[in-house]
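First residue of the sequence shown: 240, per my numbering; consecutive thereafter.
Take a look at the structure below.
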Amino acid sequence: MNPSEGIFMSIAAALGPESKSFEEVRIEDYIRAYQATGRPPPPCPQEPADETQRKLLNLPPLFKPQTSLTSPPDPTMEGAATNLAILDPSQLPRGQEFRVYSNAGEKYHCISAMPEYANFCQEELRYYAYLLGNKQSPVPIAMDPFVLPVKQVVTTPPASAEESLQSLVAQPAYAKHSPEELRVAYLLHRRELTSAELIQLQNPSAFIPPSTAIAPPPPSTPIVPSTPSIPKPIFASTAPSLPKFTFGFK
240 MNPSEGIFMS
250 IAAALGPESK
260 SFEEVRIEDY
270 IRAYQATGRP
280 PPPCPQEPAD
290 ETQRKLLNLP
300 PLFKPQTSLT
310 SPPDPTMEGA
320 ATNLAILDPS
330 QLPRGQEFRV
340 YSNAGEKYHC
350 ISAMPEYANF
360 CQEELRYYAY
370 LLGNKQSPVP
380 IAMDPFVLPV
390 KQVVTTPPAS
400 AEESLQSLVA
410 QPAYAKHSPE
420 ELRVAYLLHR
430 RELTSAELIQ
440 LQNPSAFIPP
450 STAIAPPPPS
460 TPIVPSTPSI
470 PKPIFASTAP
480 SLPKFTFGFK
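Okay, here's the thing in structure tokens:
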């Protein structure tokens, strides 16, 4: 079969453009069979193959593939190639560039539909490319059907080359404690404390420069410890809460 021919293995193509689909034909066969015999339709016999004999036996015609002849590719048509079909794998180009092939109003988005690659399937083209060590095309090829053009965004570099640290402990006032320690101190004292304040609270005798030494913050709410209660043993003797039943005897 040459690229200008097409074989259609479909009932819709064999019976005409106004024919029914596979499902419609199958449902009609079942309806007629159940109305006539109450059973599903039997398999269609393949013998005899002659159309006249099958009509005499009231058998449905056998399916035959339909061949559609199309016009040869127009060199001015979209995606058409001027090169002839390649037969020798060694003649395949280094970069297998895909172009949408159009013929008779149909567009084929498959590289094997292009006339120059019509003798190779997609797997064969990939195999021969990999055989040469070309996982990607070694030469520039057009990727417009697959990749959208990327707009070049010009970004202005920052005026300063210094790093911008997005962390609280990167500030000198909090550099001696971790974020977790500062978080616990905030939960205890209800305000943010610097490293100098935390050191002064933890060790009042530690030397703190006058510029950073401050009085410890007053507690917001005094916490009065409650006296722990010791639970009684499970088998401890306690007074019964319910009266005893003596069956009338004292």
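No residue lacks a Cβ here, since even glycine has one placed at the ideal position from N, Cα and C.
Note that the structure is a prediction, hence the values are computed from the model and not measured.
Cutoff 8 Å; reference residue 361; Cβ partners in own chain excluding five residues on either side: 349, 350 and 351
Local Cβ density within 10 Å of residue 426, reported as buried at 16 or more and exposed below that: exposed
According to the neighbour-count rule (16 or more other Cβ atoms, all chains shown, within 10 Å of its Cβ), is residue 368 buried or exposed? buried
Straight-line CA distance for residue 440 to residue 401? 34 Å
What does the Cβ neighbour count give for residue 342, buried or exposed, with the cut at 16 atoms within 10 Å? buried
To the nearest whole angstrom, what separates the beta carbons of residue 284 and residue 295, a pair I think is in contact under 8 Å? Actually they do not touch by this definition, with Cβ atoms about 13 Å apart.
Report the three-state DSSP secondary structure of residue 294 (helix, strand or coil). helix
Do you know how far the Cα of residue 404 is from the Cα of residue 443? 31 Å
Have a look at the DSSP bridge pairing and note the partners of residue 342. 345
Other residues of its chain near residue 335: CB distance less than 6 Å, five sequence neighbours each side excluded: 364
Environment of residue 291 [buried if 16+ CB atoms lie within 10 Å]: exposed
For residue 347, which residues from the same chain have a beta carbon less than 6 Å from its beta carbon, with the 5 sequence-adjacent residues on both sides left out? 340
Provide the residue span of the alpha helix (DSSP H) that contains residue 428, from first to last. 418-428
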